[in-house]
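Engineer: Here it is, the structure, as structure tokens.
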Amino acid sequence: TNILQVPALNKEIINEVVEECGCLPLAIVTVAASMSGEEEIYEWQNALNELRGRLRSLNDVDTKVFGRLEFSYHRLKDEKLQQCFLYCALGHTILNRLVNCCLLESAKDGSCVKMHDLIRDMALRITSKSPLFMVTAGLRLLKFPGEQEWEENLERVSLMENDFEEIPSNMSPHCEILSTLLLQHNKYLQRIPECFFVHMHGLKVLNLCHTSIEVLPNSVSDLTNLRSLLLRWCGILKRVPSLAKLLALQYLDLEGTWIEEVPEGMEMLENLSHLSLFMAAEEAARLSDRLDTFVGYFSTLNDFNIYVKSTDGRGSKNYCLLLSASGKRGFLEVDKSVRLFACKICETEETIVLPEDVQYLEMFGVDDVASLNDVLPREQGLNLFSLRLLPALQNLEVLAVGYCFLIEEIVAVEDEETEKELATNTIINTVTLPRLKKLHLEDLREFKSICSDNGVLVCNSLQEIEVYNCPKLKRLSLSLPLLDNGQPSPPPALEVIEIKKELWESLEWDQPNAKDVLNPY
Numbered sequence: 016t017n018i019l020q021v022p023a024l025n026k027e028i029i030n031e032v033v034e035e036c037g038c039l040p041l042a043i044v045t046v047a048a049s050m051s052g053e054e055e056i057y058e059w060q061n062a063l064n065e066l067r068g069r070l071r072s073l074n075d076v077d078t079k080v081f082g083r084l085e086f087s088y089h090r091l092k093d094e095k096l097q098q099c100f101l102y103c104a105l106g107h108t109i110l111n112r113l114v115n116c117c118l119l120e121s122a123k124d125g126s127c128v129k130m131h132d133l134i135r136d137m138a139l140r141i142t143s144k145s146p147l148f149m150v151t152a153g154l155r156l157l158k159f160p161g162e163q164e165w166e167e168n169l170e171r172v173s174l175m176e177n178d179f180e181e182i183p184s185n186m187s188p189h190c191e192i193l194s195t196l197l198l199q200h201n202k203y204l205q206r207i208p209e210c211f212f213v214h215m216h217g218l219k220v221l222n223l224c225h226t227s228i229e230v231l232p233n234s235v236s237d238l239t240n241l242r243s244l245l246l247r248w249c250g251i252l253k254r255v256p257s258l259a260k261l262l263a264l265q266y267l268d269l270e271g272t273w274i275e276e277v278p279e280g281m282e283m284l285e286n287l288s289h290l291s292l293f294m295a296a297e298e299a300a301r302l303s304d305r306l307d308t309f310v311g312y313f314s315t316l317n318d319f320n321i322y323v324k325s326t327d328g329r330g331s332k333n334y335c336l337l338l339s340a341s342g343k344r345g346f347l348e349v350d351k352s353v354r355l356f357a358c359k360i361c362e363t364e365e366t367i368v369l370p371e372d373v374q375y376l377e378m379f380g381v382d383d384v385a386s387l388n389d390v391l392p393r394e395q396g397l398n399l400f401s402l403r404l405l406p407a408l409q410n411l412e413v414l415a416v417g418y419c420f421l422i423e424e425i426v427a428v429e430d431e432e433t434e435k436e437l438a439t440n441t442i443i444n445t446v447t448l449p450r451l452k453k454l455h456l457e458d459l460r461e462f463k464s465i466c467s468d469n470g471v472l473v474c475n476s477l478q479e480i481e482v483y484n485c486p487k488l489k490r491l492s493l494s495l496p497l498l499d500n501g502q503p504s505p506p507p508a509l510e511v512i513e514i515k516k517e518l519w520e521s522l523e524w525d526q527p528n529a530k531d532v533l534n535p536y
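When we follow our numbering, the leftmost residue of the sequence shown carries the number 16, and every step to the right adds one.
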């Protein structure tokens, strides 16, 4: 609501609120956002009185500044929202309501949120009292906080991004209501005492990602309220204790560890919804059908195919599957995605089997692939005779191909009869990817075209085209939508085209004026 256009309000009361904000821009924006939707004058009068009363009891300038900002926090009038906002001071929770109230700021592309330094200081000031937080994130501390600093009423602790090497051997803080412990990115941390978690029965989130621990203490087995256990890229972690008692566990991330067998007690975790782990294909298939999200790693094409065939549409709602012969590797987590990295998929007669609902297909360093037809067998991929793409790719939203040095085209023609027809211009091969949003092509030394000869790609949902280091590219093979006058127009959702100017100028186009209508992007 534009408050200046609300009939019941007058500029006088608005000016009074601005004055009480001390003409501090951040305070004005924050207070105004917290009053969004309030159109009755008595609501504004009550808010003004509340703001005045809050500031009247404060003395020094800094305190008054925080008092003005805290007004928006208290106006939330919802303990869960307030708790979520305070949790955001640690940098983890994103909530639209908090962005709308200007307690968080959204990035330009909407991919993340950030917190203004002054707002964060205000949040941490609140958490120094109640609820009680301990935050020393990113200070590169060498010494772990002493036991006397772990007060019994601590609720959340963030010690991430420091340089701790160890936790004192007999340390066992009495923090029964502690719900969140963040220790990630302490890369020198090698050992956690067995007794450390003994008095933390209320713990719900434990993050030890990117540490150097070898073994997880047995006391973790008794954290019966734990919901998230995050051990991603603990590169030398070889063992976790039994998980049988962790019945509340929902999120288990063991990506990038040396753990390759299903931990003891996994069969008891009925609430588990997200699992990231390197494991045998059969075991992965057995577990994934009851998960909301599964992140799986496979070192051979055979294992990959066993998993896909075993799930047969009954696997996780969301998945990320990596086939890589070079070992474990970080993975871009996209729903319903498959990544082929530095592997050979054409050396044997066996062809790769893709999930029917795959939305994101990425190939990097797959040197033996000459076209997408090598990835998609005839019965699963392109059917050039019917000029359509079978359901295996109808949901594809992102297609990324990179570092495949032999690939010349994405969609190839393999039978001689169709190839002759295309060469004589008697037919046009139309490939439709109705949901494709992003096309990323990178470091393809022999790449010449998306489609063979007269083939064209129709993808009217396309938003981004990125082409890097494809020196032999001749045509993009894009078929643009037509206006009523028969002239081509950009795909309606198109936002950006990234390509070197010299290469762009040299491209051949199937439609007249295609380059001109795409130039603004």
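Note that the Cβ used here is the ideal one computed from N, Cα and C, for glycine as well.
(1) Measure the alpha-carbon distance for Asp-531 versus Asp-350 and round it to whole angstroms.
(2) If you draw a straight line from the C-alpha of Val-373 to the C-alpha of Ala-300, how long is it?
(3) I need the boundaries of the alpha helix (DSSP H) containing Glu-285, first residue and last residue.
(4) Run the CB neighbour count on Glu-11, radius 10 Å, all protein chains shown included, and call it buried at 16 or more, exposed below.
(5) Rounding to the nearest angstrom, what Cα-Cα distance links Phe-319 and Gly-501 in this structure?
(6) Could you check if Cys-38 is buried or exposed, using at least 16 other CB atoms within 10 Å of its CB as the buried criterion?
(7) Considering Cα atoms alone, identify which of Pro-370, Ser-87, Leu-231 is closest to Met-50.
(8) DSSP state of Met-149, grouped into three classes?
(9) Per the DSSP calculation, Asp-268 is bridged to which residue(s)?
(10) Starting from Cys-103, follow the alpha helix (DSSP H) in both directions and report where the run begins and ends.
(11) With three or more C-beta pairs closer than 8 Å as the rule, is the segment 182-197 touching the segment 162-170?
(12) Out of curiosity, what's the CA-to-CA distance linking Ser-234 and Leu-169?
(13) If you follow the beta strand (DSSP E) that Glu-424 is part of, which residue opens it and which one closes it?
(14) Quick check: what's the CA-CA separation for Ile-274 versus Leu-223?
(15) Just how far apart, CA to CA, sit Ala-534 and Arg-490?
(16) Measure the alpha-carbon distance for Glu-412 versus Pro-208 and round it to whole angstroms.
(17) Thinking just about the alpha-carbon of each residue, which of Leu-113, Leu-139, Arg-140 is nearest to the one in Glu-127?
(18) Taking Ser-173 as the reference, give the member of Leu-154, Glu-180, Glu-181 with the closest Cα.
(19) Rounded to whole angstroms, what's the CA-CA distance from Asn-317 to Ser-339? Just pull it up for me.
(20) Suppose only complete runs of 4+ residues qualify. What are the alpha helix (DSSP H) ranges in the segment 293-378, listed by chain order?
(21) Out of Thr-226, Ser-288, Phe-313, point me to the one whose CA is closest to Ser-303's CA.
(22) Taking all protein chains shown into account, decide if Gly-330 is buried (16 or more other Cβ within 10 angstroms of its Cβ) or exposed.
(23) Going straight from the alpha carbon of Val-323 to that of Phe-179, what length do you get?
(24) Quick check on DSSP: helix, strand or coil for Ser-194?
(25) What's the gap between the Cα of Gly-417 and the Cα of Leu-355?
(26) Are the CB atoms of Met-137 and Phe-81 nearer to each other than 8 Å?
(27) Residue ranges of each beta strand (DSSP E) run of no fewer than 3 residues wholly in the segment 115-187, ordered along the chain?
(28) Run through the DSSP bridge pairs and tell me what Ser-464 is partnered with.
(29) Specify, as a first and last residue, the run of the alpha helix (DSSP H) that Val-33 falls within.
(30) Only counting the same chain, and skipping five residues up and downstream in sequence, which positions put a Cβ closer than 6 Å to that of Pro-146?
Structural biologist: Answer, in terms of the structure:
(1) In the sequence shown, residue 531 corresponds to position 516, counting from 1. In the sequence shown, residue 350 corresponds to position 335, counting from 1. Between Asp-531 and Asp-350, the C-alpha separation is close to 35 Å.
(2) In the sequence shown, the residue the question calls residue 373 occupies position 358. In the sequence shown, the residue the question calls residue 300 occupies position 285. About 16 Å.
(3) Indexing the sequence shown from 1 puts residue 285 at position 270. That residue, Glu-285, is in no alpha helix (DSSP H); it is neither H nor E in DSSP.
(4) In the structure as shown, the chain begins at 16 and stops at 536. Residue 11 is therefore absent and cannot be evaluated.
(5) Reading the sequence shown from its first residue, position 304 is the one you call residue 319. Reading the sequence shown from its first residue, position 486 is the one you call residue 501. The straight-line gap separating the alpha-carbon atoms of Phe-319 and Gly-501 is approximately 46 Å.
(6) For this step, residue 38 is matched to residue 23 along the sequence shown. The residue in question, Cys-38, is exposed, as its Cβ has fewer than 16 Cβ neighbours within 10 Å.
(7) The residue given as residue 50 occupies position 35 in the sequence shown. The shortest Cα separation from Met-50 among Pro-370, Ser-87, Leu-231 belongs to Ser-87.
(8) Along the sequence shown, one-based indexing puts residue 149 at 134. Note: Met-149 maps to strand in three-state DSSP.
(9) Counting from 1 along the sequence shown, the entry for residue 268 is found at position 253. For Asp-268, which the question treats as bridged, DSSP gives the partners Leu-245, Ser-291.
(10) Working through the sequence shown from its first residue, we reach residue 103 at position 88. Unbroken alpha helix (DSSP H) run through Cys-103: 94-103.
(11) yes
(12) For the purposes of this step, residue 234 is taken as the residue at position 219 of the sequence shown. For the purposes of this step, residue 169 is taken as the residue at position 154 of the sequence shown. Each residue's alpha carbon lies about 19 Å from the other.
(13) In the sequence shown, the residue the question calls residue 424 occupies position 409. Per DSSP, Glu-424 belongs to the beta strand (DSSP E) from 424-426.
(14) Here residue 274 is taken as the residue at index 259 of the sequence shown, counted from 1. Here residue 223 is taken as the residue at index 208 of the sequence shown, counted from 1. Computed Cα separation, rounded: 15 Å.
(15) Counting from 1 along the sequence shown, the entry for residue 534 is found at position 519. Counting from 1 along the sequence shown, the entry for residue 490 is found at position 475. The residue asked about is misnamed: residue 534 is Asn in this sequence, not Ala. Their Cα atoms are separated by approximately 15 Å.
(16) Numbered from 1 along the sequence shown, position 397 holds the residue referred to as residue 412. Numbered from 1 along the sequence shown, position 193 holds the residue referred to as residue 208. Taken atom to atom, the span from the alpha-carbon of Glu-412 to that of Pro-208 is near 46 Å.
(17) To locate residue 127, count along the sequence shown from 1; it is residue 112. Checking the displayed sequence, the identity of residue 127 turns out to be Cys instead of Glu. With distances taken between Cα atoms, Cys-127 lies closest to Leu-113.
(18) On the sequence shown, position 158 is the one that residue 173 refers to. Nearest of Leu-154, Glu-180, Glu-181 to Ser-173, Cα basis: Leu-154.
(19) Start at 1 with the first residue of the sequence shown, and residue 317 comes out as number 302. Start at 1 with the first residue of the sequence shown, and residue 339 comes out as number 324. Their Cα atoms are separated by approximately 12 Å.
(20) 296-303, 316-326
(21) Walking along the sequence shown from the start, residue 303 turns up at place 288. Of Thr-226, Ser-288, Phe-313, the residue nearest in Cα terms is Ser-288.
(22) In the sequence shown, residue 330 corresponds to position 315, counting from 1. Per the 10 Å Cβ criterion, buried.
(23) Start at 1 with the first residue of the sequence shown, and residue 323 comes out as number 308. Start at 1 with the first residue of the sequence shown, and residue 179 comes out as number 164. Answer to the nearest angstrom: the Cα atoms are 42 Å apart.
(24) What you label residue 194 is simply residue 179 of the sequence shown in a count that begins at 1. Of the three classes helix, strand and coil, the one that applies to Ser-194 here is coil, per DSSP.
(25) Stepping through the sequence shown from its first residue, residue 417 is reached at position 402. Stepping through the sequence shown from its first residue, residue 355 is reached at position 340. Taking the straight line joining both Cα atoms gives about 10 Å.
(26) The count along the sequence shown starts at 1 and reaches residue 137 at position 122. The count along the sequence shown starts at 1 and reaches residue 81 at position 66. The Cβ atoms of Met-137 and Phe-81 lie closer than 8 Å to each other.
(27) 147-150, 169-173
(28) Your numbering for residue 464 matches position 449 in the sequence shown. The secondary-structure analysis by DSSP pairs Ser-464 across a beta bridge with Glu-424, Arg-490.
(29) As a working note, residue 33 is residue 18 in the sequence shown. Val-33 -> alpha helix (DSSP H) spans 26-35.
(30) Taking the first residue of the sequence shown as position 1, residue 146 is located at position 131. Cβ within range, chain order: Glu-170.
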